[in-house]
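Each number in the working numbering corresponds to the 1-based position in the sequence shown with 9 added. We put the CB at the ideal spot given by N, CA and C, even for glycine. Worksheet for the structure shown next.
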Amino acid sequence: MVWAPQDRLQEGRYRIESLLGRGGFGLTYLAWDNRRADWVVLKTLNDELQRDPDFEKFQQDFLNEALRLARCRHPHIVRVEEVILEAGLWCIVMEYVPGQTLQRYVAKQGVMPEPEALRYIRQVGSALTALHQQDMLHRDVKPANVILREHPAQAVLIDFGLVRDFSQGVIQHHTSFGTDGYAPIEQYDSLQRRGAWIDVYGLAATLYTALTGEIPLCAPARVGGRELDPPQALNPAISDATQAAILQGMAFYAHDRPESIAEWIQLLSASDPIPLDSTGEDTGEPTGRVFVGSNRCS
């Protein structure tokens with residue numbers, strides 16, 4: 010089932026405006042909420058999965074993850090308004106975030122000034138920390154999944170289609186999906202250990218793109234020892250501390266990366282020592298300490 014413009018859901022409450030995107034797991038729509046008199050985003054499993062013999066399992070997984078995300082309230086995570094059932098298909102209703110993705114920003118305006126990029130990356134880091142505290146991984150952190158909200162100007166993490174539970178250090182049979190350039194090598198093997206270091210890699214790679222305008226070399230191409238282009242080779246204005254943090258966050262082997270987002274964010278403090286509160290916002294007081302992620306998804 011694929012909805013068309015002007016289709017009505019929930020007895021007319023939601024009116025489909027357009028199909029925003031089609032991914033490996035989901036379909037995303039822009040819709041008008043007649044009750045709230047506001048735009049919302051709807052997400053369902055895509056039509057390919059709807060025809061899959063394991064559709065009911067996919068549906069249950071989708072529902073379970075949707076309900077967990079609905080309880081996850083954080084200023085830098087797209088807000089889930091409700092989860093609805095329409096014609097046998099579960100659907101997530103999310104806030105519509107006005108603004109452009111970080112990917113579009115870089116494509117249109119070029120590299121982002123370092124202080125601005127660090128502020129946005131720290132905000133996304135606080136969102137990821139909140140997820141990790143609930144044993145959830147995003148697994149697809151990339152510029153296309155970060156929206157730069159217009160008012161107030163802040164980063165919002167979106168597209169949780171690859172979110173999965175994890176237990177630190179446990180080998181789990183997770184699907185080996187991700188995006189080339191932003192997925193670490195262990196994400197290409199469904200039997201590898203899962204942990205926060207996967208999202209550390211994606212966040213560091215996202216900062217790489219924000220500051221260089223380039224997609225990093227994909228992990229499989231690094232198997233033979235080929236090195237990433239250092240960020241400063243693409244943008245000499247990048248500080249030494251930020252370059253070092255990016256390269257450590259994108260270390261090829263998981264054991265060489267920081268084990269948590271908070272540890273990796275701390276590496277950025279040498280280049281921009283402005284502390285953040287628990288939501289990733291500047292406190293306005295220069296210091297060498299950075300506080301990230303006391304918010305929880307309850």
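Residue burial classification, residue i (beta-carbon count within 10 angstroms, cutoff 16)
{"i": "Y262", "result": "exposed"}
{"i": "N43", "result": "exposed"}
{"i": "G35", "result": "buried"}
{"i": "Q132", "result": "buried"}
{"i": "D56", "result": "exposed"}
{"i": "R203", "result": "buried"}
{"i": "G33", "result": "exposed"}
{"i": "L166", "result": "buried"}
{"i": "P124", "result": "exposed"}
{"i": "G134", "result": "buried"}
{"i": "D168", "result": "buried"}
{"i": "S176", "result": "Note on S176: pLDDT 39, under 50, position unreliable in the model; the coordinate value appears next. The residue is exposed, with fewer than 16 neighbouring Cβ atoms inside 10 Å."}
{"i": "A40", "result": "buried"}
{"i": "L276", "result": "buried"}
{"i": "E195", "result": "buried"}
{"i": "I14", "result": "This sequence places Pro at residue 14; Ile is not what is there. By the 10 Å Cβ count, P14 comes out exposed."}
Residue closest to residue i, alpha-carbon to alpha-carbon, out of the options
{"i": "L58", "options": "L200, R31, V133 and P84", "result": "R31"}
{"i": "P107", "options": "H160, P240, E268 and Y191", "result": "H160"}
{"i": "G187", "options": "Q163, I207 and Q275", "result": "I207"}
{"i": "T37", "options": "E268, W99 and A219", "result": "W99"}
{"i": "A242", "options": "R235, Q252 and R77", "result": "Q252"}
{"i": "A228", "options": "S199, L256, P267 and P193", "result": "P193"}
{"i": "T218", "options": "W41, Y191 and A40", "result": "Y191"}
{"i": "T138", "options": "L277, N55 and E268", "result": "E268"}
{"i": "P122", "options": "A246, I270 and E90", "result": "A246"}
{"i": "G222", "options": "P239, A254, R231 and R158", "result": "P239"}
{"i": "E91", "options": "K117, T53 and G119", "result": "T53"}
{"i": "N244", "options": "I270, G119, D189 and D16", "result": "G119"}
{"i": "A271", "options": "P225, L140 and F169", "result": "L140"}
{"i": "R2", "options": "Q201, Q196, Q109 and S199", "result": "Outside the shown range of the chain (10 to 307) lies residue 2, about which nothing can therefore be said."}
{"i": "E236", "options": "D249, V11, L256 and S248", "result": "L256"}
{"i": "V323", "options": "I224, G258 and Y197", "result": "Not covered by the structure: residue 323. The range shown for the chain is 10 to 307."}
DSSP state of residue i mapped onto helix, strand, coil
{"i": "A205", "result": "coil"}
{"i": "W12", "result": "coil"}
{"i": "I247", "result": "coil"}
{"i": "S278", "result": "helix"}
{"i": "R31", "result": "strand"}
{"i": "Q143", "result": "coil"}
{"i": "L78", "result": "helix"}
{"i": "T37", "result": "strand"}
{"i": "R24", "result": "strand"}
{"i": "L237", "result": "coil"}
{"i": "A213", "result": "helix"}
{"i": "Q163", "result": "strand"}
{"i": "E195", "result": "helix"}
{"i": "R266", "result": "coil"}
{"i": "G178", "result": "Interpretation of G178 is limited by its pLDDT of 42, a score under 50 that renders its predicted location unreliable; the figure taken from the coordinates is listed afterwards. Three-state result, G178: coil."}
{"i": "E223", "result": "coil"}
{"i": "R148", "result": "coil"}
{"i": "L72", "result": "helix"}
{"i": "E231", "result": "The sequence shown places Arg at residue 231, not Glu. In this structure, R231 counts as helix in the three-state DSSP scheme."}
{"i": "L98", "result": "strand"}
{"i": "L137", "result": "helix"}
{"i": "L200", "result": "coil"}
Neighbour flag for residue i against chain D, beta carbons, 9 Å
{"i": "G33", "result": "Of the protein chains in the structure, only one exists, and it is not chain D."}
> Is it a yes or a no for the stretch 213–222 touching the stretch 145–155, going by three-plus beta-carbon pairs under 8 Å?
Replying inline: yes
> Which parts of the stretch 106–135 are runs of the beta strand (DSSP E), unbroken and 3 residues or longer, counting only runs that do not cross its ends?
Replying inline: 108–110
> Does the stretch 88–108 come close enough to the stretch 127–137 to have 3 or more Cβ pairs within less than 8 Å?
Replying inline: no
>> I want to know whether the stretch 22–38 touches the stretch 78–88 - three or more CB-CB distances under 8 Å.
In response: no
> How do the stretch 194–207 and the stretch 135–148 stand: do at least 3 beta-carbon pairs fall below 8 Å, yes or no?
Replying inline: yes
> Is the stretch 100–117 touching the stretch 48–62 in the sense that three or more CB pairs, one from each, lie closer than 8 Å?
Replying inline: yes
>> Within 8 Å, do at least three Cβ pairs link the stretch 107–118 to the stretch 59–72?
In response: no
>> What ranges does the beta strand (DSSP E) occupy inside the stretch 38–67, keeping only unbroken runs of at least 3 residues that lie completely in it?
In response: 47–54
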